[in-house]
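One line per chain: the protein sequences are A and B, in this order.
Take the position in the first sequence, starting the count at 1, then add 189; the result is the number in my numbering.
Take the position in the second sequence, starting the count at 1, then add 1; the result is the number in my numbering.
Beta carbons are placed, not taken as given, at the ideal position from N, Cα and C, and that holds for glycine.
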Amino acid sequence: VLGFLQQPQEAEDIAQDVFVRIYQSIKDFRHESGLGTWIYRIAVTKSLDQLRKNKRRRMYGSIFPFFGKEEEQPDFLHPGIKAEQKENSIVLFRAMNKLPENQKAAFILQKLEGLSQEEIASVMKTTVSSVESLIQRAKQNLRKYLKEYYTQNEQ
Amino acid sequence: MNNNKKIEAAISSIDGIERASATPFLYSKIRNSLEKMSPDSGRFSWNLVFVLLLVAALNVFTLTSFSGTKQIKSEKAAVVAGDYEMYDTSEY
Numbered sequence: 190v191l192g193f194l195q196q197p198q199e200a201e202d203i204a205q206d207v208f209v210r211i212y213q214s215i216k217d218f219r220h221e222s223g224l225g226t227w228i229y230r231i232a233v234t235k236s237l238d239q240l241r242k243n244k245r246r247r248m249y250g251s252i253f254p255f256f257g258k259e260e261e262q263p264d265f266l267h268p269g270i271k272a273e274q275k276e277n278s279i280v281l282f283r284a285m286n287k288l289p290e291n292q293k294a295a296f297i298l299q300k301l302e303g304l305s306q307e308e309i310a311s312v313m314k315t316t317v318s319s320v321e322s323l324i325q326r327a328k329q330n331l332r333k334y335l336k337e338y339y340t341q342n343e344q
Numbered sequence: 002m003n004n005n006k007k008i009e010a011a012i013s014s015i016d017g018i019e020r021a022s023a024t025p026f027l028y029s030k031i032r033n034s035l036e037k038m039s040p041d042s043g044r045f046s047w048n049l050v051f052v053l054l055l056v057a058a059l060n061v062f063t064l065t066s067f068s069g070t071k072q073i074k075s076e077k078a079a080v081v082a083g084d085y086e087m088y089d090t091s092e093y
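What follows is the structure, encoded as structure tokens:
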């Protein structure tokens, strides 16, 4: 959740929602997938919903200042990053925010959560080849965004 | 360092990342919200019953009003049809 939202307080609120949702719907769990997969699916769905809400809020904020000032997301430093990788990871997380939803989900589940492609396919209810393609495209897009960033900040 | 190396360094910066742990307060927060949910579940169903009754009452009211309006409309329509000499010619 933290990898998706990149805001510790918001991630905690969503994590709370995820557990409440699990509690409410555990009776509907049909054992079609593993319990872990099911929980990951709820967490991914909730996180993506929240990202959409934030995006809408920013959009309305930019059009109608009445709804609130448009705030730029602060740089995110994941607590599990090695000290020597801090600067690079901040740039990468900023680029990850530009990825389309499904590419971002697949990339985060693989890189941050360490899930296999089979597990990601199960969480995202898709095929392994689709996941492979999503991760491939995510990396291509990240390279493109990072190239733009480093070209602009070359001086 | 050229840009390509910087890009690859950025992409591999999250390799071997450690899982973020939740704050110690998260567990108690979750517990509190789950505890709050239980007594509310009974009240929620009564709210639902109240809303359903209200919707049913409004439906009955709307249907009754609508059928009255239809009658008035058809009377008005007959008057307008008579004024403009619009008769049903299908009988001839």
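Around the Cβ of A58 of chain B, a 10 Å sphere holds fewer than 16 other Cβ atoms; the residue is exposed. The shortest C-alpha to C-alpha distance from S222 of chain A to any of A:S322, A:L191, A:K314, A:Q205 is the one to A:K314. Counted as a single uninterrupted DSSP element, the alpha helix (DSSP H) harbouring K328 of chain A occupies residues 317 to 341. A straight line joining the alpha-carbon of S322 of chain A with that of K300 of chain A spans about 15 Å. By a beta-carbon distance limit of 8 Å, A272 of chain A does not contact L331 of chain A. Their separation comes to about 22 Å. At least one CB of chain B lies nearer than 7 Å to the CB of Q274 of chain A. Listed by position along chain B, the residues whose Cβ is nearer than 7 Å to that of Y212 of chain A are L35. Excluding five sequence positions before and after P197 of chain A, the CB atoms of its chain that fall closer than 7 Å to its own CB belong to L191, given in chain order.
For K287 of chain A, the nearest beta carbon of chain B is not closer than 7 Å to its own beta carbon. Taking 7 Å as the CB threshold, G269 of chain A lines the interface with chain B. Judged by DSSP in its simplified three-state form, M87 of chain B adopts coil rather than helix or strand. With 16 or more neighbouring CB atoms inside 10 Å of its own CB, Q195 of chain A falls in the buried class. Distance from R230 of chain A to V320 of chain A at the Cβ level is roughly 14 Å; contact not present, criterion being Cβ atoms closer than 8 Å. The straight-line gap separating the alpha-carbon atoms of N286 of chain A and K216 of chain A is approximately 35 Å.
For Y229 of chain A, no Cβ of chain B is located within less than 7 Å of the residue's own Cβ.
Listed in chain order, the non-local C-beta contacts of L281 of chain A below 8 Å within the same chain comprise L331, L335, local neighbours out to five positions each way being set aside.
Under a criterion of Cβ atoms nearer than 9 Å, the residues of chain A adjacent to M38 of chain B are, in order, V209, Y212, Q213. A Cβ of chain B is located within less than 7 Å of the beta carbon of N277 of chain A. The Cβ atoms of Q213 of chain A and I31 of chain B lie no closer than 7 Å to each other.
Nearest Cα to R20 of chain B within the set A:I228, A:L304, A:M248: A:L304.
Assignment of G192 of chain A by DSSP, reduced to helix, strand and coil, places it in the helix class.
Listed in chain order, the alpha helix (DSSP H) elements of length 4 or more contained wholly in the stretch 210 to 298 of chain A are 224 to 252, 275 to 285. When the beta-carbon positions are compared, L27 of chain B and E201 of chain A come within less than 7 Å of each other.
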